[in-house]
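Down below is the structure, laid out as structure tokens.
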Amino acid sequence: MIKPVSGAGSADVTVVTSPTEAAKAADTARMARGPYGNEVEAGILVQAYATGDEYSIESVTQDAITTHLAITRKTVTGGARRVETGHSLLVHLPPATEAAARHEAEAAIRAVGIRNGASHTEAVVDADGRCTVIEIAARLGSGHIGLLLQHAPRIGVFTALADVALGSPAALTPTVHGHATVRFVTSPRAGRLTSLSGFPKPGPGVPFVRWQAAIGGLVNAVGANADRLGAFVVTGQNEAEVEQRANTLTRQIHIQVDAPPPAGRVPGQVSSASRSAIAP
């Protein structure tokens, strides 16, 4: 796997399987820009590719004592570009695997020196249950993970982090043991977005929806998190029912994209839409 030394949102990260692919991926990483078009640190990072299912461990550390809030399952695209298309929690792994994931997350937290604050540890679990940490961020997980934590374990994580910052005891005990998932909507190709139908509306069990691409604007085929067109969250008490409802809602979304412009993918061309009549 080849990626820029600095960056965000899976932008310009490539999984390669041959020297030819590696050379092209290295050039892509060297020319990378930040998610908002800003310059990033020069250089590339080459990592061994860890095969397995992707998860993240959401944690809060206070006075060097870590509480793990949840394990999140990630849905990721295949191919050379691996972009997250969904997050689900609370996820329950086999006891030995879950213990290994928590152990590796705690080791990573200690290694980077987090004594107070949130952490988001991304890991891969292989077919034998071995857990490999691939990166850690000294912050709450993005992609609406903070919102999911407010609905599934129902932890007031933002209030808790304020308490950590102020040196007050943080309330991190779950009050429910439900399930929540976020699904991200992406375009199958680059081009001009001409129509949208079937996008969910907020209601019982769907507490959050957001559409962020304007009809008539240019969109990209998914290659980074910034290429997402919209998102919605589904919550409930039963994991299977929540996931099934989210899958059904996803299948009901239909978007039409005209042929891509001659210049191909143009970073930053996804246009913000007015969310009135779509999301609160």
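In the numbering used here, the protein residues as written are 425 to 704.
We put the beta carbon where it would ideally sit given N, CA and C, even for glycine.
| request: Would you grab the beta carbon distance between L571 and F632 for me? Rounded to a whole angstrom, and I think it's under 8 angstroms. | output: 6 angstroms
(message) Using the three-state DSSP reduction, which class does K448 fall into: helix, strand or coil?
(response) Three-state DSSP puts K448 in a helix.
If I measure Cβ to Cβ from D552 and keep anything under 6 angstroms in the same chain, skipping five residues before and after, which residues do I get?
none
- Message: Quick check: I560 and S619, are their CB atoms within less than 9 angstroms of each other?
- Response: no
### Query
Straight-line CA distance for G580 to G565?
14 angstroms
Short of 7 angstroms in beta carbon distance, which residues of its chain neighbour E530, apart from the five on each side in sequence? Order them along the chain.
Scanning its chain for C-beta atoms nearer than 7 angstroms, with the 5 sequence neighbours on each side dropped, one finds around E530 the residues T490, in chain order.
Checklist entry - Using a Cβ-Cβ cut-off of 6 angstroms (strictly less than) and excluding sequence neighbours within five positions of V437, which residues of its own chain qualify? => result Same-chain partners within the cutoff: K427.
Comparing C-alpha positions only, which one of S543, R534 and T556 sits nearest to A525? T556
### Query
Short check: CB of L493 to CB of L585, under 9 angstroms?
no
key: Test item: CB-CB of D550 and G615 under 9 angstroms   = With respect to G615, D550 sits apart: the two C-beta atoms are not nearer than 9 angstroms.
Exercise. Might you give, ordered along the chain, the residues of its own chain that have their beta carbon closer than 8 angstroms to the beta carbon of A520, omitting 5 neighbours on each side?
Key: G553.
Q: Kindly confirm or deny that the region 597–607 and the region 645–662 touch, where touching means at least three C-beta pairs closer than 8 angstroms.
A: yes
Query - Three-state secondary structure (DSSP) of E668 - result: The sequence shown places Gln at residue 668, not Glu. If DSSP states are grouped into helix, strand and coil, Q668 belongs with the helices.
* With DSSP collapsed to three states, give me the class of D436. => Assignment of D436 by DSSP, reduced to helix, strand and coil, places it in the coil class.
Checklist entry - Since H544 is in the beta strand (DSSP E), which residue starts that stretch and which ends it? => result G541 to V549
Using 9 angstroms as the threshold, is the C-beta distance between T496 and T509 below it? no
If you draw a straight line from the C-alpha of M425 to the C-alpha of T475, how long is it?
11 angstroms
If I follow the unbroken beta strand (DSSP E) through I468, where does it start and stop?
I468 to V470
D552 - partner residues in DSSP beta bridges
For D552, which the question treats as bridged, DSSP gives no partner whatsoever.
Legend entry - As assigned by DSSP and simplified to three states, the class of R675: helix
Looking at the secondary structure, which residues open and close the alpha helix (DSSP H) in which H527 lies? P519 to V536
Q: Please name the residue, chosen from A589, E546, V630 and A535, that lies closest to H575 on a Cα-to-Cα basis.
A: V630
Problem - Anticipated Cβ contact below 8 angstroms, N540 with T485, distance rounded - result: 6 angstroms
- [ ] Say yes only if the C-beta of G541 is nearer than 8 angstroms to one or more non-hydrogen atoms of the ligand SAH, and no if none qualify.
- [x] The model on display carries no ligand, and the ligand SAH is accordingly not part of it.
Coarse secondary structure for P428, derived from DSSP in three states | strand
I'd like to confirm the pairing. Which residues does DSSP put opposite I481 in its beta bridges? I495 and T545
Practice task
Classify R613 as buried or exposed, calling it buried when 16 or more other Cβ atoms lie within 10 Å of its own Cβ.
Solution key: With fewer than 16 neighbouring CB atoms inside 10 Å of its own CB, R613 falls in the exposed class.
*Hey, how far is the Cα of P504 from the Cα of A532?*
For the record, residue 504 in the displayed sequence is Ala; it is not Pro. Roughly 27 angstroms between the two C-alpha positions.
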